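Below is one structure, written out as structure tokens; the observations come after it.
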Amino acid sequence: MGKAEYKVEGGKLIKVQLVRKGDRIEKITIMGDFFLYPEELIEELEEALTGHLLNETDLTALVKTLVEKREATLLGASPNDFVKCIMMAGEKDD
Amino acid sequence: MIEKWRLLDTGLHDAFYNMALDEAIAIARSKNFVPNTLRFFRWNPSALSIGYFQSMKEEVDIQACNERDIDYVRRRTGGGAVYHDRDGELTYSLIIKEDHRLASKDFQETYKTLCSGLVLGLRLLGIPAEFKPINDIIVEGKKISGNAQTRGMRVVHQHGTILRTVDPKLMFTLLRVPSEKIRDKMIESVEERVTSINRFLKREASFGELKEALIHGFTRSFKIELLPGETIEFEEQLAAKLKAEKYATKEWNFKR
Chain R
-19 MGKAEYKVEG GKLIKVQLVR KGDRIEKITI MGDFFLYPEE LIEELEEALT GHLLNETDLT
41 ALVKTLVEKR EATLLGASPN DFVKCIMMAG EKDD
Chain V
378 MIEKWRLLDT GLHDAFYNMA LDEAIAIARS KNFVPNTLRF FRWNPSALSI GYFQSMKEEV
438 DIQACNERDI DYVRRRTGGG AVYHDRDGEL TYSLIIKEDH RLASKDFQET YKTLCSGLVL
498 GLRLLGIPAE FKPINDIIVE GKKISGNAQT RGMRVVHQHG TILRTVDPKL MFTLLRVPSE
558 KIRDKMIESV EERVTSINRF LKREASFGEL KEALIHGFTR SFKIELLPGE TIEFEEQLAA
618 KLKAEKYATK EWNFKR
């Protein structure tokens, strides 16, 4: 399992735990002290990310699209920050 | 005519009931059973709360909490882990309709507006408090209050802490840290970054004095009248149910 922490400048801390299978995400948990409303979107986001290729551009598009589609509010972190931390965790799981 | 809100002072309760009652009030407000509400409360036993997105196992030293009879609970709001000392902290909740003049669609804006009541209350106590985005209130650069907000059912729910005393050493005994060496550094850092009412005023401010100042702060800043009231039967029954079925369960507290 790969674990990474990423402190957003002027924002909050993101923690990701991730299991990869080849180039894909097999299991992922996104944690931290950020704010996301609606809160349940985090579970939906983790589900959407599961099975996805560990590709920064694609993942950023996926997270952004989901946040916009649900008209969600993310405070203290951005979709880019989430993906940065996901990529870091992905590199740590070999 | 001046707008009237309910003022609740629910005193000391355990962590699970405290969080359950907050949600029950929000639901009661959404059904128009109760007016907009300011609630003061405290924690007995002392407790740790973690943000919705945090992992209990990652953040909290469960064994250290158990040894000291300290409860641990997941909040319905995001944000970080907070230690709620029975004698050192006052907690408040604001539960208002989403279409209220004080609530904006913008979370950041709403934090600022709702925190203005606390800021004014602290200033009335002689503490030059300021709001610091995202969700903190600081005095001379040091944090004195942390706040967290969520919504749902057309209701805005914000709760937060006001530190009367602060004990970073105890806090980091209860929170998990990467190593003992880092623990000391983290304690030092909190000593530098966090203050409390008693520390700043260099005297003991009572809970009564603090609540009175905050009530003045909220009424003046929000241009409202706060009428002391009670919880209704609906809220109490729902809180008992939410405690048993949600906040006191392993499924909820360890779900991340």
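Line order of the protein sequences matches chains R and V.
The opening residue of the first sequence carries number -19 in this note's numbering; numbering runs sequentially from there.
The opening residue of the second sequence carries number 378 in this note's numbering; numbering runs sequentially from there.
Even for Gly, the Cβ is constructed at its ideal location relative to N, Cα and C.
Being a predicted model, the structure only gives us computed values, none of them experimental.
Buried/exposed call for residue i, threshold 16 Cβ in 10 Å
{"i": "V/Leu389", "result": "exposed"}
{"i": "V/Ser573", "result": "buried"}
{"i": "R/Lys(-5)", "result": "buried"}
{"i": "V/Met396", "result": "buried"}
{"i": "V/Pro555", "result": "exposed"}
{"i": "V/Pro505", "result": "exposed"}
{"i": "V/Asp462", "result": "buried"}
{"i": "V/Ser470", "result": "buried"}
{"i": "R/Asp38", "result": "exposed"}
{"i": "V/Asn443", "result": "exposed"}
{"i": "V/Ile559", "result": "exposed"}
{"i": "V/Glu622", "result": "exposed"}
{"i": "V/Leu329", "result": "Because residue 329 of chain V is not part of the residues shown, which for chain V are 378 to 633, the question remains open."}
{"i": "V/Asp446", "result": "exposed"}
{"i": "V/Arg478", "result": "exposed"}
{"i": "V/Asn524", "result": "buried"}
{"i": "R/Met11", "result": "buried"}
{"i": "V/Ser566", "result": "exposed"}
Residues bridged to residue i (per DSSP)
{"i": "V/Thr572", "result": "Its beta-bridge partners do not exist; DSSP assigns none."}
{"i": "R/Lys49", "result": "DSSP, once it has assigned bridges, lists no residue as partnering R/Lys49."}
{"i": "V/Asn524", "result": "V/Gly537"}
{"i": "R/Gly12", "result": "R/Ile(-6)"}
{"i": "R/Ala(-16)", "result": "R/Val(-4)"}
{"i": "V/Phe417", "result": "V/Asp386 and V/Tyr469"}
{"i": "R/Glu27", "result": "Paired residue(s): none; R/Glu27 is not in a bridge."}
{"i": "V/Ile451", "result": "Checking the sequence shown, residue 451 of chain V turns out to be Arg, not Ile. DSSP lists V/Ile427 as partners of V/Arg451."}
{"i": "V/Leu603", "result": "V/Trp382"}
{"i": "R/Ile5", "result": "R/Arg0"}
{"i": "V/Asp513", "result": "V/Lys509 and V/Gly523"}
{"i": "V/Lys474", "result": "V/Val532"}
{"i": "V/His593", "result": "In DSSP, V/His593 forms no bridge with anything."}
8 Å Cβ cut-off: residues of chain R touching residue i
{"i": "V/Thr359", "result": "In the structure as shown, chain V starts at 378 and stops at 633, and residue 359 of chain V therefore has no counterpart that could be examined."}
{"i": "V/Gln485", "result": "Leu55"}
Candidates the options, of which the one nearest residue i by Cα
{"i": "V/Gly606", "options": "V/Ile379, V/Met378, V/Thr387 and V/Glu380", "result": "V/Thr387"}
{"i": "V/Pro422", "options": "V/Ala401, V/Asp399, V/Ala441 and V/Asp391", "result": "V/Asp391"}
{"i": "V/Arg597", "options": "V/Thr542, V/Ile402, V/Gly498 and V/Ser426", "result": "V/Gly498"}
{"i": "V/Ala616", "options": "V/Leu398, V/Ala441 and V/Glu380", "result": "V/Leu398"}
{"i": "R/Leu16", "options": "R/Cys65, R/Glu51, R/Gly(-18) and R/Glu6", "result": "R/Glu51"}
{"i": "V/Phe393", "options": "V/Lys632, V/Phe631 and V/Leu619", "result": "V/Leu619"}
{"i": "V/Ile652", "options": "V/Glu435, V/Phe549 and V/Leu578", "result": "The structure shown does not extend to residue 652 of chain V, since chain V spans only 378 to 633, so no value can be given for it."}
{"i": "V/Asp464", "options": "V/Phe484, V/Met433 and V/Ser583", "result": "V/Ser583"}
{"i": "V/Phe631", "options": "V/Glu435, V/Lys408, V/Ala424 and V/Phe410", "result": "V/Glu435"}
{"i": "V/Ala401", "options": "V/Tyr624, V/Arg633, V/Trp629 and V/Glu628", "result": "V/Tyr624"}
{"i": "V/Ile473", "options": "V/Leu501, V/Ser493 and V/Asn409", "result": "V/Asn409"}
{"i": "V/Tyr460", "options": "V/Val571, V/Ser426 and V/Thr608", "result": "V/Ser426"}
Under 7 Å from the C-beta of residue i: neighbouring residues of chain R
{"i": "V/Arg633", "result": "Thr9 and Met11"}
{"i": "V/Arg528", "result": "Tyr17"}
{"i": "V/Ile504", "result": "Here the premise fails: no neighbours, minimum Cβ distance about 25 Å."}
Listed by chain order, chain R residues near residue i by CB distance under 9 Å
{"i": "V/Gly456", "result": "Lys(-8), Asp13, Phe14, Phe15 and Gly56"}
Chain V contact residues for residue i, given Cβ-Cβ distances below 9 Å
{"i": "R/Lys72", "result": "Going along chain V, no residue has its Cβ under 9 Å from R/Lys72, so there is no contact; the nearest lies around 15 Å."}
Partners in chain V for residue i, counting only beta-carbon separations shorter than 8 Å
{"i": "R/Lys(-5)", "result": "Ser432 and Glu435"}
Taking a cut of 7 Å between CB atoms, which residues from the region 424 to 435 of chain V lie near chain R? Gly428, Tyr429, Phe430, Gln431, Ser432 and Glu435
Chain V contacts made by the region 12 to 31 of chain R, where a contact means CB separation under 8 Å: Gly12, Asp13, Phe14, Phe15, Leu16, Tyr17, Pro18, Glu19 and Ile22
Name the residues in the region 599 to 627 of chain V whose C-beta lies less than 8 Å from a C-beta of chain R; which are they? none
Beta carbons nearer than 7 Å to chain R: which residues of the region 543 to 566 of chain V have them? none
Against chain R: residues of the region 448 to 472 of chain V by CB proximity under 9 Å: Arg453, Thr454, Gly455, Gly456, Gly457 and Ala458
In chain order, what residues of the region 512 to 527 of chain V put their CB closer than 8 Å to some CB of chain R? Asn512, Ala525, Gln526 and Thr527
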